Amino acid sequence: MKGVSPKSRGNDGLYILNARAGENRLCISQEKAEDKSDEITAIPKVLSSPDITDAEVSIDAIGT
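For our numbering, count along the sequence shown from 1 and bump the result up by 3.
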(Lines of atoms letter the chains of each structure in order from A; the text may use other names.)
(Lines give C-alpha, C1' and ligand atoms only; values in the text may rest on other atoms or scores of the structure.)
Protein backbone atom coordinates (compact mmCIF):
# COMPACT_ATOMS: atom_id res chain seq x y z
CA MET A 4 0.00 0.00 0.00
CA LYS A 5 1.26 3.47 -0.69
CA GLY A 6 0.09 6.96 0.00
CA VAL A 7 0.87 10.30 -1.53
CA SER A 8 0.53 13.70 0.06
CA PRO A 9 -0.22 15.99 -2.90
CA LYS A 10 1.80 19.07 -3.77
CA SER A 11 -1.31 21.16 -3.16
CA ARG A 12 -0.75 20.65 0.57
CA GLY A 13 2.46 22.66 0.45
CA ASN A 14 5.03 19.92 -0.01
CA ASP A 15 6.85 18.40 -2.97
CA GLY A 16 4.78 15.23 -2.91
CA LEU A 17 5.46 12.76 -0.12
CA TYR A 18 5.45 9.04 -0.95
CA ILE A 19 4.89 6.60 1.91
CA LEU A 20 4.88 2.80 1.55
CA ASN A 21 3.13 0.73 4.19
CA ALA A 22 2.98 -2.92 5.14
CA ARG A 23 -0.40 -3.81 6.59
CA ALA A 24 -1.72 -6.75 8.51
CA GLY A 25 -4.83 -7.32 6.40
CA GLU A 26 -7.10 -9.00 8.95
CA ASN A 27 -6.42 -6.42 11.64
CA ARG A 28 -6.00 -3.45 9.28
CA LEU A 29 -2.89 -2.38 11.16
CA CYS A 30 0.12 -0.64 9.65
CA ILE A 31 3.05 -2.80 10.75
CA SER A 32 5.82 -1.06 8.79
CA GLN A 33 6.23 2.23 6.96
CA GLU A 34 8.96 3.79 4.83
CA LYS A 35 9.24 7.17 3.13
CA ALA A 36 10.33 7.20 -0.51
CA GLU A 37 11.96 10.40 -1.75
CA ASP A 38 10.00 10.25 -5.01
CA LYS A 39 7.92 7.79 -6.99
CA SER A 40 11.01 6.16 -8.53
CA ASP A 41 12.33 5.32 -5.04
CA GLU A 42 9.35 3.08 -4.28
CA ILE A 43 11.23 0.06 -5.60
CA THR A 44 14.14 0.62 -3.20
CA ALA A 45 11.75 1.22 -0.29
CA ILE A 46 9.94 -2.13 -0.71
CA PRO A 47 12.72 -4.27 0.85
CA LYS A 48 13.00 -1.81 3.76
CA VAL A 49 9.26 -2.02 4.42
CA LEU A 50 9.31 -5.82 4.31
CA SER A 51 12.42 -6.25 6.46
CA SER A 52 11.09 -4.88 9.74
CA PRO A 53 7.99 -7.02 10.40
CA ASP A 54 8.32 -10.77 10.84
CA ILE A 55 6.67 -12.02 7.65
CA THR A 56 7.67 -15.66 8.03
CA ASP A 57 4.90 -17.83 6.53
CA ALA A 58 2.97 -14.69 5.55
CA GLU A 59 1.24 -14.02 2.26
CA VAL A 60 2.66 -10.87 0.65
CA SER A 61 1.03 -8.92 -2.16
CA ILE A 62 2.74 -6.10 -4.08
CA ASP A 63 1.35 -4.03 -6.95
CA ALA A 64 2.93 -3.90 -10.40
CA ILE A 65 5.79 -1.60 -9.30
CA GLY A 66 7.25 -4.53 -7.34
CA THR A 67 7.68 -6.83 -10.33
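Where is the CB? At the ideal position from N, CA and C, for every residue including glycine.
The structure displayed is predicted, hence computed values, not measured ones.
Does A58 pass the burial test, meaning 16 or more other C-beta atoms within 10 Å, or should it be called exposed?
exposed
Quick check on this structure: which residue in L17, A24, T44 and I19 has the alpha carbon closest to the alpha carbon of P53?
A24
Go to A45, then tell me how far its alpha helix (DSSP H) extends in each direction, as first and last residue.
E42 to S51
Inspect the beta-carbon positions of L17 and E34 and report whether they are closer than 8 Å.
no
Quick one: Cα of D41 to Cα of S61, how far?
18 Å
Just how far apart, CA to CA, sit A45 and I55?
16 Å
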